[in-house]
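Asker: Sharing a structure, written as C-alpha cells. Questions coming.
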Amino acid sequence: TQLLEQSPQFLSIQEGENLTVYCNSSSVFSSLQWYRQEPGEGPVLLVTVVTGGEVKKLKRLTFQFGDARKDSSLHITAAQPGDTGLYLCAAASQGGSEKLVFGKGTKLTVNP
Amino acid sequence: NAGVMQNPRHLVRRRGQEARLRCSPMKGHSHVYWYRQLPEEGLKFMVYLQKENIIDESGMPKERFSAEFPKEGPSILRIQQVVRGDSAAYFCASSETGGYTEAFFGQGTRLTVV
C-alpha cells in the first residue's frame with residue numbers, strides 16, 4: 006500500500022509569516038498533486054508536478070517535487086488569513102493508475 | 076460551465092435504509108471518480124467509472140456498495156442497508172480524458188447514519 010505522510014499535521018501562524026509543509030513517501034510516483042480544501046467543500050487542485058526536481062510557483066505558493074519523485078514540499082511566503090485551509094497532497098502510482106492516494110493533510114490556520 | 080454537481084449536500088439515513096448519492100460531472104467529462112473522507116482521515120479512493128463502464132472498483136466494499144455511470148444522467152453511488160460506519164463525506168471528481176491533471180472535485184455529500 007502506498008502511503009503519503011504529511012507534516013506537520015497542524016500549523017498555526019501569524020499573518021505575514023512564511024511556512025513549509027511536507028509530503029513524503031517511500032514510493033515513487035509518476036505525478037503528485039496539491040489540493041486545498043476548506044470546511045464543507047471539496048478539494049481544489051492547486052498544482053500538479055510531474056518531473057523530478059520540478060519547481061512550480063503559484064503567486065506566493067512554491068511547490069517542489071523531489072528529485073526521486075518520492076516527496077514534495079509546499080512553501081507559502083507571507084501567509085494571509087485567506088490561505089487558511091487543509092492542504093492535501095495526492096499522488097498517482099507509476100504505471101498510469103487512475104487511483105489517487107491522498108495524505109491526511111496539513112491543517113493551516115493563519116491568524117490576522 | 077458549471078462545476079461538478081453533487082446532491083444532496085447533506086443526507087441523513089437511519090440504519091438499514093438505502094442512500095443514493097448523485098454526481099453530475101462537468102460538461103464534456105466522461106470520467107468519474109468517487110472518494111470517501113472520514114473525519115481526520117484523507118480521501119480514500121472507491122471507484123473509477125467511464126460512461127457505462129466500471130473501470131476500477133478496487134476501493135469499494137464488496138458488500139452493500141455499488142456505483143454506476145449511465146449513458147444519460149448522473150453517476151450514482153448507492154449504499155444499501157447503511158450502518159453507522161458509513162457516515163462520511165463522499166466526493167466525486169470528473170475529468171475529460173482520464174488522469175487527474177484536469178480533474179475537478181464536487182462539493183461532496185455528507186452522509187449521516189443515525
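These protein sequence lines are chains A and B, in that order.
Our numbering puts the first sequence at residues 6 to 117.
Our numbering puts the second sequence at residues 76 to 189.
Beta carbons are placed, not taken as given, at the ideal position from N, Cα and C, and that holds for glycine.
(1) Can you give me the Cβ contacts of E10 of chain A inside the same chain, cut-off strictly under 6 Å, excluding the 5 residues immediately before and after it?
(2) Any residues in the stretch 100-118 of chain B with a beta carbon nearer than 9 Å to a beta carbon of chain A? Which ones, in chain order?
(3) Please state whether the Cβ-Cβ distance between F179 of chain B and V79 of chain B is less than 8 Å.
(4) Using a Cβ cut-off of 8 Å, pull out every chain B residue sitting near P44 of chain A, in sequence order please.
(5) Whether or not the stretch 140-157 of chain B and the stretch 79-94 of chain A are in contact is what I'm after, with contact meaning three or more pairs of Cβ atoms, one per stretch, closer than 8 Å; do they touch?
(6) Residues of chain B with CB under 7 Å from K75 of chain A, in chain order?
(7) Taking 8 Å as the CB-CB limit, is K104 of chain A close to chain B?
(8) Quick one: using the 10 Å Cβ neighbour count with 16 as the cut-off for buried, is V54 of chain A buried or exposed?
(9) Beta-carbon of F70 of chain A versus every beta-carbon of chain B: anything under 8 Å?
(10) Would you kindly report the start and end of the unbroken beta strand (DSSP E) that includes R104 of chain B?
(11) When you compare the stretch 56-73 of chain A with the stretch 97-109 of chain B, are there three or more beta-carbon pairs, one atom per stretch, that lie closer than 8 Å?
(12) Are the stretch 109-120 of chain B and the stretch 158-167 of chain B in contact at 8 Å, needing three or more beta carbon pairs?
(13) Let me know the beta strand (DSSP E) ranges lying completely inside the stretch 130-183 of chain B, each 3 residues or longer, listed in chain order.
(14) Would Q155 of chain B pass as an interface residue toward chain A - the criterion being a Cβ-Cβ separation below 8 Å?
(15) Tell me which same chain residues have a C-beta within less than 8 Å of the C-beta of E132 of chain B, skipping the five on either side of it?
(16) Less than 8 Å separating the beta-carbons of K104 of chain A and G134 of chain B?
Answerer: Well, looking at it:
(1) For the purposes of this step, residue 10 of chain A is identified with residue 5 of the first sequence, where counting begins at 1. The beta carbon of E10 of chain A is closer than 6 Å to those of N29 in its chain, skipping five residues each way along the sequence.
(2) Listed by position, the residues of the stretch 100-118 of chain B near chain A (Cβ gap below 9 Å) are H106, Y108, Y110, Q112, E115, E116, G117, L118.
(3) Against the second sequence, residue 179 of chain B aligns to sequence position 104. Against the second sequence, residue 79 of chain B aligns to sequence position 4. With contacts defined as CB atoms closer than 8 Å, F179 of chain B and V79 of chain B qualify as a contacting pair.
(4) Along the first sequence, read from residue 1 onward, the residue named residue 44 of chain A stands at position 39. Listed along the chain, the chain B residues whose CB falls inside 8 Å of the CB of P44 of chain A amount to none; the nearest CB is some 11 Å away.
(5) Under the 8 Å Cβ criterion, the stretch 79-94 of chain A does not count as touching the stretch 140-157 of chain B, having fewer than three qualifying pairs.
(6) Taking the first residue of the first sequence as position 1, residue 75 of chain A is located at position 70. Within 7 Å Cβ-Cβ: nothing; K75 of chain A doesn't reach chain B, min ~18 Å.
(7) Your numbering for residue 104 of chain A matches position 99 in the first sequence. So, interface residue.
(8) Here the question's residue 54 of chain A lines up with position 49 in the first sequence. So V54 of chain A counts as buried.
(9) Residue 70 of chain A sits at position 65 when you count from the first residue of the first sequence. The beta carbon of F70 of chain A does not come within 8 Å of any beta carbon belonging to chain B, so the residue lies off that interface.
(10) By 1-based counting over the second sequence, the position of residue 104 of chain B is 29. Reading off the sequence, residue 104 of chain B comes out as His, not Arg. Boundaries cannot be given for H104 of chain B, as no beta strand (DSSP E) includes it and DSSP labels it neither H nor E.
(11) No contact exists between the stretch 56-73 of chain A and the stretch 97-109 of chain B.
(12) Three or more Cβ pairs closer than 8 Å define a contact, and the stretch 109-120 of chain B meets that threshold against the stretch 158-167 of chain B.
(13) Runs of the beta strand (DSSP E) inside the stretch 130-183 of chain B: 140-143, 150-154, 163-170.
(14) Here residue 155 of chain B refers to the residue found at position 80 when the second sequence is read from its first residue. Under the 8 Å criterion on CB atoms, Q155 of chain B is classed as non-interfacial with respect to chain A.
(15) Position 57 of the second sequence holds residue 132 of chain B. Shown here for E132 of chain B: same chain residues with a beta carbon closer than 8 Å to its own, the five before and five after excluded, namely M121, V122, Y123, A142 in chain order.
(16) Locating residue 104 of chain A in the first sequence gives position 99, where the first residue counts as 1. Locating residue 134 of chain B in the second sequence gives position 59, where the first residue counts as 1. Result yes, Cβ atoms of K104 of chain A and G134 of chain B sit closer than 8 Å.
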